[in-house]
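**Q** My structure is below; once you've seen it, I'll send some questions.
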Amino acid sequence: MKELKDKDFRLILKILFILACLYIFMLALECIVGSTWNLLLFLVIIIIGLWCYYRKKKKKTYTKSVFLLIILSLLLIFSIGPCVYEKHIAEMNDTKTEEKQREVEAEKYTNEVKENMKKTQEQIQEEQTKRNVEEDESKKNKKPDDYSTPIYNFKEDKDCSDFSNSSEATRFMKKAIAAGFGDHRLDRNKDGIACN
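See below:
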């Protein structure tokens, strides 16, 4: 179990090392291509490396070539080192600038959302206030129900003796006519006043 964890850990370290090397190689490649001197030096190193490989295959000595290869590689590293460092710093600054830009945009979006919510709440409050005002006005304008007026059953036949006075009989007669039940023969002389 412990061996598996060690293997996984070593694998992760290898992957991270390879990624770091690729990153440095990409930065170095930009610096090499950006300068003619660096490009020529790089090509000479490749040629000497191939020459060393050829000499090794032929089983000939190649120690001088390896020594020259090491010197030229150090010279190339010394030449592109500052450029690689500057490119790395520029990449880091770009990343920081992008992060700041994202933060500013996120804050702006948050503020816009808050403003929109505030406007929506204000609109809802205004509509609620208008509704409340309209309800208050409708309550003021609404006539109070006359609870003193009795509720009549228009199907039941009524006579003048069923009412205490002529105005109550007239009210019943008008409501009965409006409801479609006729005047219950309360207005015999057809003058619009019941029981007179």
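One rule links them: number in the numbering used here = place in the sequence shown (from 1) + 5.
Note that beta-carbon positions come from the ideal geometry of N, C-alpha and C, so glycine has one too.
Which same chain residues, not among the five before or five after K163, have their C-beta less than 6 Å away from its C-beta?
**A** Taken in chain order, the residues that qualify are H189.
**Q** State the DSSP-derived secondary structure class of T115, mapped to helix, strand or coil.
**A** helix
**Q** Can you tell me where the alpha helix (DSSP H) with G5 in it begins and where it stops?
**A** Since the displayed the chain opens at 6 and closes at 201, residue 5 lies outside it and no answer follows.
**Q** Buried or exposed: T175, going by 16 or more other Cβ atoms within 10 Å of its Cβ?
**A** buried
**Q** Counting only runs that start and end within the segment 101–145, where is the alpha helix (DSSP H) found for 4 or more residues in a row?
**A** none
**Q** Below 8 Å on the Cβ atoms is my contact criterion, and I expect L46 with L80 to pass it. Report the Cβ-Cβ distance as a whole number of Å.
**A** 7 Å
**Q** Assign R193 to one of three DSSP states: helix, strand, or coil.
**A** coil
**Q** Starting from A199, trace the alpha helix (DSSP H) both ways and give me its first and last residue.
**A** Careful: A199 lies outside any alpha helix (DSSP H) and carries neither H nor E.
**Q** Have a look at D151 and E139 and give me their C-alpha separation to the nearest angstrom.
**A** Any reading at D151 is ruled out, since the residue's pLDDT is 49, under 50, leaving its predicted position unreliable.
**Q** Classify Y152 as helix, strand or coil using the three-state DSSP reduction.
**A** Interpretation of Y152 is limited by its pLDDT of 47, a score under 50 that renders its predicted location unreliable; no figure is taken from the coordinates.
**Q** Output the boundary residues of the alpha helix (DSSP H) element that contains E161.
**A** Counting along the chain, E161 falls outside any alpha helix (DSSP H), and DSSP gives it neither H nor E.
**Q** Can you grab the Cα-Cα spacing for the pair S166 / G185, in whole Å?
**A** 22 Å
**Q** Apart from the five residues just before and just after N213, which ones in its own chain have a Cβ nearer than 7 Å to its Cβ?
**A** Because the chain here runs from 6 to 201, residue 213 falls outside it and cannot be looked at.
**Q** Please confirm if the segment 22–33 is in contact with the segment 86–100, defined as three or more CB-CB distances below 8 Å between the two stretches.
**A** Between the segment 22–33 and the segment 86–100, the count of Cβ pairs shorter than 8 Å is three or higher; the stretches touch.
**Q** On a CA-only basis, which of F159, K113 and T134 is nearest A183? Give me that one, please.
**A** For the residues F159, K113 and T134, the minimum Cα distance to A183 belongs to F159.
**Q** Report the rounded CA-to-CA distance for S172 versus E161, giving the unit in angstroms.
**A** 19 Å
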